[in-house]
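**Q**
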Amino acid sequence: MVLFIFIAAPSFAQQEITIQGKVTDSLDGTGIPGVSVLIKGTGKGTQTDANGNYNIKAPSNATLTFSFISYRRQEIAVNNQTTINVTLASESEVLDQVVVVGYGTQKRSQIVGSVSSVKSEEITKQPVLTAAQGLQGKASGVQINASGQPGSQPQVRIRGVGSITGNQNPIYVVDGVITDDITNINNSDIASIEVLKDASAQAIYGSRAGNGVILVTTKTGQSGKMQVNVNTYAGFRNMTSKVDMAGGRDYAIYTNEAIINGTPVGEEPELLFDPNNLPNQTTDWMDAVTRQGLVHNYDVSVSGSSEKTTYYFSAGYFGDQGILKGSKYDRFNARVNNEYKLAPILSVGHNLTVTYSKSNNIPGSVFASAYRMSPAASIYNEDGSYGYQPGLNVGNPVATINYTNDFTNTLRLQGNGFISLKPVEGLTLRSDFNFDKTNGDGLQYAPVYTVFSAQQNNRSRLNVLDNNRFYYIWNNQATYNKTFAEKHEVNATVGYSFERDRATRSNVQVLDVPNQRNLWYISQGDVSTITIDPNNNINGGDLVRRQSIFGRLTYTYDGRYNISGSLRRDGSSSFPVNNKWGTFYSIGGSWNIGEENFMKDQDLFDYLRLRVGYGKVGNDISISGNNLAALLGVSQTGYYPFGFPNFDPVLGINYNQIRDAGASWETTKGVDAGLEFGIIQGKLSGSFGYYNKLTDAYVPVTIPSLFGDADRVVYTQAARVRNRGFEVALNWDNRVNDDFSYRFGGNVTFNKNIVDEVTGNLRLQGGSLGNGQIVTMTQVGEPVGSFWVYEVTGHDDQGNFTYRDVNGDGTIDDNDRVFVGSYQPKAYFGFNAGVNYKQFDLSFDLYGNLGNKIFNGKRAVRFGNDAVEQEVFANRWTPENQNASGPAASNTIPRPSTYYVESGNFLRVNNITLGYTFDNQKWTFLKDSKLRVFATAQNPFVFKSYSGFTPEIGGATSGNISDADRRNAGSAINSGIELDVYPIYSTYMFGLNLTF
């Protein structure tokens, strides 16, 4: 009997029981779907259903582990309990939050740099193509300028502009793949986004991190049963704001006045319109080229795990029929993220996504033509031909759309494969191969047509474009994490990486191809007219190779004091032989004040943390499209006599583009400090930050012609740009009761940008309007790309502007120009709020900026008899209206002046969403499922001072600017000038989220 008792006792102790319960969020009490519920020490487990409920069989003395991304892990002993309800605290509430950083993860309490985290649901609730656009207003220090053009990537600036003429966008690291374009990523596949904002956080990426780093982590399978998610939405888009143009009659009056004012005294003006028979019709050209756009998205994902495998599969479609007639963008994508546990210490896996996109492209210059086209002209004449305005060299924009055939197709495969080995406790060895393969082709066809002399094409033209790129990076790293004597935690990472980036581009043109799409092939044209790259700026290729060794060491004492440093040595083929290698580093520390003994008895702070860091990072992106290490441009210099006695002529050649032999990285050094806190039982949390960074920037320097350089320009590091500022972020989150909770929060960034010092007397002009005028100047003591214009003081007796003679020499010239601000805001901010009541949820967020200026370039560009805005017409100077704010009607090219510089302040309602989640206890068909329906308004309102289409403007892209200016169009010296801007639109949509 005694023997039987001893044998049976373990069986009784480990008797399996059925345990059920619900896992809820600590803030709003809602059930959390997909939480992993594991029996500790085994591979057995389950997942919570769509409402947070779970059911599992486990030994009565077992321990259950509850874990889910963005929540703090919990372990609970069963102790014969059959019902266990669990409340998980969001990791954002506690310092133990695990945050993705470069080449690993760290606890929030251990981070010494400035890192902003954005939850995936903040991105997915918006009808945007890319997560970069969804970041707008969500993170302090991050400025987003989005375009309305379908398929476009927004312009992103992190803590100001450092590079003057180089690339200023951050890099994105998607599951280890470094890229500058994430338009291929389905937003529903994203698990988290981290923005590394200061050098101490960025330095682990060395020469690629000068403009900031955005880490994108995609979803993986969770332990437990299979889960299916379906997300869809559909809606329409409208232009958010329009510009009121003068009607046909007012336009005719203005045009006649301009002709009269420009006619020399004593000569008879040749009026464009009969003063006794002015036109009565008004064509709304902007309405003629735009439409109500459509947007729709569908995606489905399947995730889960087995004993040794986790899996995540998704497929999706995104379609955007833009507000510009004829434009369209379609994207199809699929993703497979799997991990296989081959042994307790060995696992392998992959994160793969394939994307196919196609677009119908309409030139953005159509908007400029619609703005400038005469409202007195008809879209079509009575005979069906296209209308135009005699005396005005602006093409019919509707004809431009209808005669445009521009198609692009892109197939992109991106992802990685990895192997992870844990040979001993605390040590992880990982090797991953990351790649990004893109194959793109384009087709452009222009038929024979004639609208009028300035808008015609006498021979059909076909261009076939091909773009291919293969990039890979092979990372090998070792990470060791160990805690000694319960108080000393060491986390060390060392690694090696090798990168190769190869791209080729070609553009082949042929004439006289039939206007029949099935015959649009090079062979169908006049083969004698075949040319390669007729514009001389597309054909070619790039090859960049990099090698790197890197390391990071973090030491934590007793959860209170942290010190962390990183070191990276990079080599890049972008630079001359003697300057290919650079060293980048960071050092920082943090103090978890809330963990100190003297804080134990206080009730105000839930946590309080102070951090400070310093580091150096770089930027090896080519400057203005030129590889700094290459000697480009070979020219023939003529014939030279050589060889006695005949002196035969020999053709000479030389390099006509000089490069800086000392070219190296654009480096940025900076200091960052911050204070983070949580009070009132986690209801209020926030942070304060300060940063000061200095960039050694490349600028074009003019050299004497005797050096033989064709354009007398050499790019060299001759300027230092400083950005310093403050960031504030505050969030309030309160659950009043089981039925009602609310939240609100905001962030604001104050940034001061200035050219701190220069080598020599740098005065870099920019901002070409394409009419011979420039509007920006970059020089020491001023922000990059400052508007440099004439100050209007009044009118002369003819109604022309008069300008201040700054130097008093009696002549108005460039020496009399003044600085009147720049496009870079002094402050930009975001605000968000949300309310949950029973099954309803309502949220909204705002975004805006203050203190910047915009140059109204479309008003300032006149080539003769262009259309005018109603405001310009009403406020023009006339003998009867001599107190007018504007000048007299004129067809001359105006001087860039303060008249065209306007405030860039704006406040935009970014998103309003109302949702309803069905109660699956009342709707039996939703058992074990979760269904939410919602309605969203994206960008419904914008409050702005600027009179143009949109205050969010990147670089100037007028169709009249030179190729060199176009390459620099996105740079800071050309920003904030409205010429060919694709207007921002408002989106109204309905959708649903289903989980089962």
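Just so you know, we're using numbering that gives the first Met the number 0 here: the sequence shown kicks off at 0 and counts up by one. No residue lacks a Cβ here, since even glycine has one placed at the ideal position from N, Cα and C. Bear in mind the structure is a predicted one, so any value in this text is a computation, not a measurement.
Apart from the five residues on each side of it in sequence, which residues of its chain come closer than 7 Å, Cβ to Cβ, to tyrosine 400?
**A** Here residue 400 refers to the residue found at position 401 of the sequence shown. The sequence shown places isoleucine at residue 400, rather than the tyrosine named in the question. Excluding residues within five positions, the ones whose Cβ falls inside 7 Å are Val288, Lys324, Gly325, Ile361, Val365.
**Q** Alpha helix (DSSP H) containing proline 895: first to last residue?
**A** Counted from its first residue, the sequence shown places residue 895 at position 896. First-last for proline 895: undefined, no H or E at that position.
**Q** Work out the CA separation of arginine 460 and isoleucine 521 for me, nearest whole Å.
**A** The count along the sequence shown starts at 1 and reaches residue 521 at position 522. The count along the sequence shown starts at 1 and reaches residue 460 at position 461. Rounded to whole angstroms, isoleucine 521 to arginine 460 spans 10 Å at the Cα level.
**Q** Answer with buried or exposed for lysine 929, where buried requires no fewer than 16 other C-beta atoms within 10 angstroms of its C-beta.
**A** Mapped onto the sequence shown, residue 929 falls at position 930. By the neighbour-count rule (16 or more Cβ atoms within 10 Å), lysine 929 is buried.
**Q** Could you check if glutamine 109 is buried or exposed, using at least 16 other CB atoms within 10 Å of its CB as the buried criterion?
**A** Within the sequence shown, numbered from 1, the residue matching residue 109 stands at position 110. It counts as buried.
**Q** Helix, strand or coil: which one does DSSP assign to arginine 248?
**A** In the sequence shown, residue 248 corresponds to position 249, counting from 1. DSSP places arginine 248 in helix when its eight states are reduced to three.
**Q** Kindly list the residues whose CB is nearer than 7 Å to the CB of asparagine 799, restricted to its own chain and excluding five residues on each side of it in sequence; keep chain order.
**A** Within the sequence shown, the letter at position 800 stands for residue 799. Closer than 7 Å at the Cβ level, and outside the excluded window around asparagine 799, lie Pro886, Ala887.
**Q** CA-CA distance, alanine 484 and asparagine 52?
**A** Mapped onto the sequence shown, residue 484 falls at position 485. Mapped onto the sequence shown, residue 52 falls at position 53. Their Cα atoms are separated by approximately 39 Å.
**Q** Under the DSSP definition of a beta bridge, which residues are partnered with isoleucine 853?
**A** One-based indexing of the sequence shown puts residue 853 at position 854. DSSP, once it has assigned bridges, lists Glu901 as partnering isoleucine 853.
**Q** Below 6 Å CB to CB, which residues in the same chain sit around threonine 17 once its five sequence neighbours on both sides are set aside?
**A** Taking the first residue of the sequence shown as 1, we reach residue 17 at position 18. If we look at threonine 17 and ignore the five residues flanking it on each side, its Cβ neighbours are Lys56.
**Q** Could you name the residues of the same chain whose beta carbon sits closer than 8 Å to that of serine 59, not counting the 5 residues immediately before and after it, in chain order?
**A** Numbered from 1 along the sequence shown, position 60 holds the residue referred to as residue 59. Closer than 8 Å at the Cβ level, and outside the excluded window around serine 59, lie Ala12, Gln13, Gln14, Glu15, Ile16, Val77, Asn78, Asn79.
**Q** If you measure between the beta carbons of glycine 20 and serine 222, is that distance less than 8 Å?
**A** Within the sequence shown, numbered from 1, the residue matching residue 20 stands at position 21. Within the sequence shown, numbered from 1, the residue matching residue 222 stands at position 223. Going by C-beta atoms, glycine 20 is not nearer than 8 Å to serine 222.
**Q** Counting Cβ pairs closer than 8 Å, one from the segment 224-240 and one from the segment 710-727, do we hit at least three?
**A** Not touching, per the Cβ criterion.
**Q** Looking at the unbroken alpha helix (DSSP H) that takes in aspartate 286, where does it start and where does it end?
**A** Reading the sequence shown from its first residue, position 287 is the one you call residue 286. Taken as a continuous stretch (DSSP letters only), the alpha helix (DSSP H) holding aspartate 286 covers 284-288.
**Q** Quick check: the segment 300-307 against the segment 376-385, are at least 3 beta-carbon pairs closer than 8 Å?
**A** At 8 Å Cβ cutoff, the stretches do not touch.
**Q** Which complete beta strand (DSSP E) runs does the segment 73-146 hold, if anything under 3 residues is left out?
**A** 73-76, 85-87, 97-100, 103-106, 114-118, 141-144, all fully within the segment 73-146.
**Q** In the structure shown, what three-state DSSP assignment does leucine 978 receive?
**A** Taking the first residue of the sequence shown as 1, we reach residue 978 at position 979. Three-state DSSP puts leucine 978 in coil, outside helix and strand.
**Q** Count the C-beta pairs between the segment 550-560 and the segment 477-493 that are closer than 8 Å, then say yes if the count reaches three, no if not.
**A** As far as the Cβ criterion goes, the segment 550-560 touches the segment 477-493, which means the pair count is three or higher.
**Q** Express the C-alpha separation of lysine 926 and glutamine 226 in angstroms, rounding to a whole number.
**A** In the sequence shown, residue 226 corresponds to position 227, counting from 1. In the sequence shown, residue 926 corresponds to position 927, counting from 1. Whole-angstrom Cα-Cα distance: 14 Å.
**Q** Do phenylalanine 432 and tyrosine 471 count as a contact pair if the criterion is CB distance below 8 Å?
**A** Within the sequence shown, numbered from 1, the residue matching residue 471 stands at position 472. Within the sequence shown, numbered from 1, the residue matching residue 432 stands at position 433. Yes, they are a contact pair.
**Q** Distance check for threonine 503 and leucine 542, CA to CA, integer angstroms please.
**A** By 1-based counting over the sequence shown, the position of residue 542 is 543. By 1-based counting over the sequence shown, the position of residue 503 is 504. Each residue's alpha carbon lies about 9 Å from the other.
**Q** Just to check my reading of the structure: leucine 345 and leucine 420 have Cβ atoms closer than 8 Å, yes? What is that Cβ distance to the nearest angstrom?
**A** Within the sequence shown, residue 345 is the residue found at index 346, counting from 1. Within the sequence shown, residue 420 is the residue found at index 421, counting from 1. Confirmed, Cβ separation roughly 5 Å.
**Q** Are the segment 119-132 and the segment 178-187 touching by the rule of at least three beta carbon pairs closer than 8 Å?
**A** At 8 Å Cβ cutoff, the stretches touch.
**Q** Report, in whole angstroms, the separation of the C-beta atoms of glycine 1003 and valine 670, which I expect to be a contact under 8 Å.
**A** No answer is possible for residue 1003: it lies beyond the span of the chain, which begins at 0 and ends at 995.
**Q** I need the straight-line Cα distance from glutamine 680 to glycine 147, nearest angstrom please.
**A** Reading the sequence shown from its first residue, position 681 is the one you call residue 680. Reading the sequence shown from its first residue, position 148 is the one you call residue 147. If you take the alpha carbons of glutamine 680 and glycine 147, they lie about 42 Å apart.
**Q** Could you tell me which uninterrupted alpha helix (DSSP H) segments, each at least 4 residues in length, are contained entirely in the segment 266-319, listed from first to last along the chain?
**A** Runs of the alpha helix (DSSP H) inside the segment 266-319: 284-288.
**Q** Report the rounded CA-to-CA distance for tyrosine 311 versus proline 446, giving the unit in angstroms.
**A** If you number the sequence shown from 1, residue 311 lands on position 312. If you number the sequence shown from 1, residue 446 lands on position 447. Tyrosine 311 and proline 446: Cα-Cα distance of roughly 48 Å.
**Q** Keeping to the same chain, check which residues put their C-beta closer than 7 Å to that of phenylalanine 995; ignore five residues upstream and five downstream.
**A** One-based indexing of the sequence shown puts residue 995 at position 996. Same-chain partners within the cutoff: Ala49, Val227, Asp927, Ser928.
**Q** Quick check: what's the CA-CA separation for glycine 28 versus serine 313?
**A** Against the sequence shown, residue 28 aligns to sequence position 29. Against the sequence shown, residue 313 aligns to sequence position 314. Approximately 29 Å between the Cα atoms of the pair.
**Q** DSSP three-state call for tyrosine 822: helix, strand or coil?
**A** Counting from 1 along the sequence shown, the entry for residue 822 is found at position 823. Here tyrosine 822 sits in coil by DSSP.
**Q** So, aspartate 174 versus asparagine 350, is the Cβ gap smaller than 8 Å?
**A** Locating residue 174 in the sequence shown gives position 175, where the first residue counts as 1. Locating residue 350 in the sequence shown gives position 351, where the first residue counts as 1. The answer is yes: Cβ separation under 8 Å.
**Q** Round the Cβ separation of serine 821 and glycine 833 to the nearest angstrom and send it over; I've been treating them as touching at under 8 Å.
**A** The residue given as residue 821 occupies position 822 in the sequence shown. The residue given as residue 833 occupies position 834 in the sequence shown. Actually they do not touch by this definition, with Cβ atoms about 35 Å apart.
**Q** Can you check the segment 367-428 for any beta strand (DSSP E) of at least 3 residues that lies completely inside it and give the ranges in chain order?
**A** You should have 404-420.
**Q** Locate the beta strand (DSSP E) running through phenylalanine 872, then write down its first and last residues.
**A** Your numbering for residue 872 matches position 873 in the sequence shown. Unbroken run through phenylalanine 872 is the alpha helix (DSSP H), 869-873; no beta strand (DSSP E).
**Q** Looking at the structure shown, is isoleucine 960 part of a helix, part of a strand, or coil, going by DSSP?
**A** By 1-based counting over the sequence shown, the position of residue 960 is 961. In this prediction, isoleucine 960 scores a pLDDT of 39, lower than 50, which makes its location untrustworthy; the coordinate-derived value is nonetheless stated afterwards. DSSP places isoleucine 960 in coil when its eight states are reduced to three.
**Q** Which one of Gln797, His794, Val817, Asp795 has the shortest CA to CA distance from valine 805?
**A** Locating residue 805 in the sequence shown gives position 806, where the first residue counts as 1. Cα-wise, what sits closest to valine 805 is Val817.
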